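Count along the sequence shown from 1, add 3, and you get the number used in the numbering used here.
Beta carbons are placed, not taken as given, at the ideal position from N, Cα and C, and that holds for glycine.
These figures come from a predicted structure and were not determined experimentally.
Only one structure is covered here, and it is reproduced in the block below.
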Amino acid sequence: MPGNFGRPQALTSNPFHYCPGCSHGIVHRLVAEVIDELGIGGRTVGVASVGCSVFSYNYFNVDMVQASHGRAPAVATGLKRSPAAPVVFTYQGDGDLAAIGTGETIHAAARGENITVIFINNANFGMTGGQMAPTTLPGQVTTTTPEGRNTAESGYPLRVCEMLSTVEGVAFLTRVTVHKPAMVLKARAAVKKAFQVQLAGGGFSLVEVLATCPTNWGQTPVDALRWLEENMIPAYPLGEFRSWEAS
């Protein structure tokens, strides 16, 4: 409602530490808004990953657990299978989920673990200085690919949604972006649906969010939004890869 825009209860009052133009803050707010709307804050546990979002436990006003690098889905599995059976989500970047955490991600999905994964893809290792990640685009300049990613040497980008779409344990799988207001609204709807899947006992759900990293991309926040639209979206098409409807 107009005039009713405030901080979600599921966010703390701590100011974000993220760089100007970074997408993490937007996605944090979307997750918090959904937790409030669904009324699940008192029984939700988030799992913080290693990366730029490592301090997400300072921002979400729910119980949080810090996982070792890449192990968030394994930690989330243990939490979900505990007698308390809370609502569980992981918040992970591409350096965490798609590199060292690939095995945990695939096998949690294959088991159909009833957890929600929020996956931020900004095509580089953000926290450690902008090195090449599994999602770095061919030709993209990073601190470890100063002449651009050479596929003959480093292989091709890993497309997580396309890969997980072949896994039977996945209930809901989608790729969104937050580079425009209309896209933010679609991303919010996707996050809400992912949590609804879990509440209905549907199984593993993952929302991939294409995100900007102006600092490591060496761009202004505005230029980074344009670069994402012109380069990342063609490489990582938006849309649902596994749909889910409540029975």
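Query                                                                                                                                                                             : Result
Can you name, in chain order, every residue of its own chain whose Cβ lies under 7 angstroms from the Cβ of His20, other than the five neighbours on each side?                   : Phe58
So does the region 39-47 actually touch the region 237-245, counting three or more Cβ pairs closer than 8 angstroms?                                                              : no
Pick helix, strand or coil for Phe8, following the three-state DSSP scheme.                                                                                                       : coil
Can you name the start and end residues of the alpha helix (DSSP H) that Thr154 belongs to?                                                                                       : Thr154 to Ser157
Can you list, in chain order, the residues of its chain with a C-beta nearer than 6 angstroms to that of Thr108? Leave out the 5 residues immediately preceding and following it. : Pro76 and Leu100
Which residue or residues does DSSP assign as beta-bridge partners of Met67?                                                                                                      : Gly49
What does DSSP give as the partner residue(s) for Ser2 in the beta ladder?                                                                                                        : Nothing about residue 2 can be read from this structure; the chain reaches only from 4 to 250.
Drop a sphere of 10 angstroms on the beta-carbon of Phe8, count the other beta-carbons inside from all chains shown, and report buried for 16 or more, exposed for fewer.         : exposed
Looking at the strands, I want to know which residues DSSP matches up with Thr145.                                                                                                : Thr148
Looking at the structure shown, is Asn124 part of a helix, part of a strand, or coil, going by DSSP?                                                                              : strand
So Phe175 and Gly133 are supposed to be a Cβ contact under 8 angstroms. How far apart are they, rounded?                                                                          : Not really, about 31 angstroms apart at Cβ, beyond 8 angstroms.
When the Cα atoms are used, what is the spatial distance from Gly129 to Thr180?                                                                                                   : 18 angstroms
Have a look at the DSSP bridge pairing and note the partners of Phe92.                                                                                                            : Gly49 and Thr119
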